[in-house]
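My numbering puts the last residue of the sequence shown at 209; the count rises by one with no breaks. All C-beta atoms in this analysis are idealised placements derived from N, C-alpha and C, irrespective of residue type, glycine included. It should be emphasised that the depicted structure is a prediction, and the values quoted were computed from it without experimental measurement.
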Amino acid sequence: MADNGLGEFDRRSAIGGGLVLAALVGTPLWIWGKARQGEKGEATEDQRRMIDTVSDLVIPRTDTPGASDVGVGDFVVLALNHGLDGTREPASGAAIQGGGPAPTPRGGLYLLDDLAIMLRIKAGGDFNQATPAAQRAALTAIDTRAFAPGNDKDPWHKIKDLILTGYYTSEAGGSKELQYELVPGRWDPDVPLKPSDRAFSSDWTAVEFG
Numbered sequence: 000m001a002d003n004g005l006g007e008f009d010r011r012s013a014i015g016g017g018l019v020l021a022a023l024v025g026t027p028l029w030i031w032g033k034a035r036q037g038e039k040g041e042a043t044e045d046q047r048r049m050i051d052t053v054s055d056l057v058i059p060r061t062d063t064p065g066a067s068d069v070g071v072g073d074f075v076v077l078a079l080n081h082g083l084d085g086t087r088e089p090a091s092g093a094a095i096q097g098g099g100p101a102p103t104p105r106g107g108l109y110l111l112d113d114l115a116i117m118l119r120i121k122a123g124g125d126f127n128q129a130t131p132a133a134q135r136a137a138l139t140a141i142d143t144r145a146f147a148p149g150n151d152k153d154p155w156h157k158i159k160d161l162i163l164t165g166y167y168t169s170e171a172g173g174s175k176e177l178q179y180e181l182v183p184g185r186w187d188p189d190v191p192l193k194p195s196d197r198a199f200s201s202d203w204t205a206v207e208f209g
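The following block contains the structure:
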């Protein structure tokens, strides 16, 4: 076969791009319509269901409350809406005179749009209607890709960070999942530690988000 000048990597990229395009072409128009409903700064109901499910997949209910039990999904939507943790979408319009880029009405909610598309591709259909096993598999694929070497800028990092932040700063996350010390700071030179002991919520060096 004649060499068309494309390297192996470029051929793979082209094939991968074609698969993604095919998946997006198969995305019903109502999904894009629902995404546009959120342009004024509100997450759609489908997006809220999606982030509730995703949050529970990251932190499921065990002997302590899960993420949805403490309203982590609502926290993530609020945090993204205000552009918390550097999630605000770069403005496409003119910058404010004497300041930075003009703020966008949706803050970082565009990340939910991106996540919804990727979850749909990985789940092979509507993520919210998929089986729990398919939902877990779809999110696992996204998480594995995001945390592979060289993918530090993957948008999933921001969403997962907010899920963990929302949970571990909640009452349940800070006092049940972690140990809560009302007045931290006293000197304990030798503290017995068992494998089942939980980290202290006041010891941020013991909690790694992401």
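{"Query": "Whose C-alpha, out of A147, Y167, P64, D196, is nearest the C-alpha of V75?", "Result": "Y167"}
{"Query": "Please report the straight-line C-alpha distance between F146 and D62, rounded to a whole angstrom.", "Result": "28 Å"}
{"Query": "Out of P191, L77, G173, which has the shortest C-alpha to C-alpha gap to Y109?", "Result": "L77"}
{"Query": "In its own chain, which residues sit with a C-beta less than 6 Å from the C-beta of G172, not counting the 5 before and 5 after it?", "Result": "Y166"}
{"Query": "Answer yes or no: does any C-beta atom of chain D fall closer than 9 Å to that of V76?", "Result": "Although the question refers to chain D, the structure presented lacks it and comprises just one protein chain."}
{"Query": "Does the distance from the C-beta atom of R48 to that of D73 stay below 9 Å?", "Result": "no"}
{"Query": "Does the distance from the C-beta atom of D55 to that of A66 stay below 9 Å?", "Result": "yes"}
{"Query": "Identify the continuous alpha helix (DSSP H) that holds L161 and give its terminal residues.", "Result": "155-167"}
{"Query": "Can you tell me the Cβ-Cβ gap for D84 and D142, rounded? I've got them flagged as a contact below 8 Å.", "Result": "The pair is not a contact, with the Cβ atoms about 18 Å apart (cut-off 8 Å)."}
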